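Going by the working numbering, the letters in the sequence shown line up with residues 1 to 131, in that order. Ideal Cβ positions, reconstructed from N, Cα and C, are used throughout, including at glycine. Predicted model, so just to flag it, every value in this text is computed and none were measured. Step one of this worksheet: look at the structure below.
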Amino acid sequence: MIAIDTNVLLRLILHDDARQTARAFTLVERAAAAGDELFVADVVLCETLWVLRSTHHVARADLEATVRDLLKVRRFAFQSPDAAARALAAFAAGRGDFADYFIREHAVAAGCEYVATFDQALLREDGFRAP
Numbered sequence: 001m002i003a004i005d006t007n008v009l010l011r012l013i014l015h016d017d018a019r020q021t022a023r024a025f026t027l028v029e030r031a032a033a034a035g036d037e038l039f040v041a042d043v044v045l046c047e048t049l050w051v052l053r054s055t056h057h058v059a060r061a062d063l064e065a066t067v068r069d070l071l072k073v074r075r076f077a078f079q080s081p082d083a084a085a086r087a088l089a090a091f092a093a094g095r096g097d098f099a100d101y102f103i104r105e106h107a108v109a110a111g112c113e114y115v116a117t118f119d120q121a122l123l124r125e126d127g128f129r130a131p
């Protein structure tokens with residue numbers, strides 16, 4: 001198994017650099033031909049969405065669709081696919097960023113009572129409290 005970083009995942013999504021996009025797709029094709037998977041760490045998924053939103057100004061609904069589509073890619077082995085799916089559902093219904101809900105998912109799994117935050121939008125949601 002090979003891990004991919006945020007830049008590789010972004011090339012697969014954006015197709016914004018022809019040379020790097022081709023290399024990224026070749027990596028996926030080689031993995032498929034070998035019957036291997038590409039590992040996507042939680043931080044890579046969060047960082048990818050952050051870049052899409054902050055740098056490329058991708059709309060919230062499009063970010064949701066992007067994650068939904070990524071989670072369906074058979075050649076990707078996500079670090080925490082169930083937590084990512086739950087975070088995605090919360091992101092679709094909530095006001096926070098995808099990473100906020102992913103953090104909450106990991107906090108719950110770790111047995112935390114809540115996530116301490118100063119984010120006013122999150123303070124109206126379950127699992128978040130002011131410090």
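If residue i sits next to residue j, beta carbons under 8 Å apart, how far is it from one beta carbon to the other, in whole angstroms?
i, j, result
"Ala92", "Glu64", "5 Å"
"Phe98", "Val51", "Actually they do not touch by this definition, with Cβ atoms about 12 Å apart."
"Glu105", "Arg129", "Not confirmed; about 16 Å, so no contact."
"Arg75", "Leu38", "6 Å"
"Ala41", "Ala3", "7 Å"
"Thr48", "Thr6", "5 Å"
"Asp119", "Asp100", "7 Å"
In three-state DSSP terms, what is residue i?
i, result
"Ile2", "strand"
"Arg95", "coil"
"Ala77", "strand"
"Phe102", "helix"
"Ala89", "helix"
"Ala110", "coil"
"Ala83", "helix"
Taking residue i as the reference, give the member of the options with the closest Cα.
i, options, result
"Ser80", "Ala121, Phe102, Asp97, Arg30", "Phe102"
"Leu27", "Val8, Arg124, Ala85, Arg129", "Val8"
"Ala109", "Asp119, Val43, Gly127", "Gly127"
"His15", "Gly35, His56, Cys112", "His56"
"Met1", "Ala34, Ala59, Ala107", "Ala34"
Could you spell out where the alpha helix (DSSP H) holding residue i opens and where it closes?
i, result
"Phe25", "18-34"
"Leu45", "42-54"
Return the first residue and the last residue of the beta strand (DSSP E) that residue i is part of.
i, result
"Ala61", "Looking at the DSSP string, Ala61 is not in any beta strand (DSSP E); the run it does join, the alpha helix (DSSP H), is 60-71."
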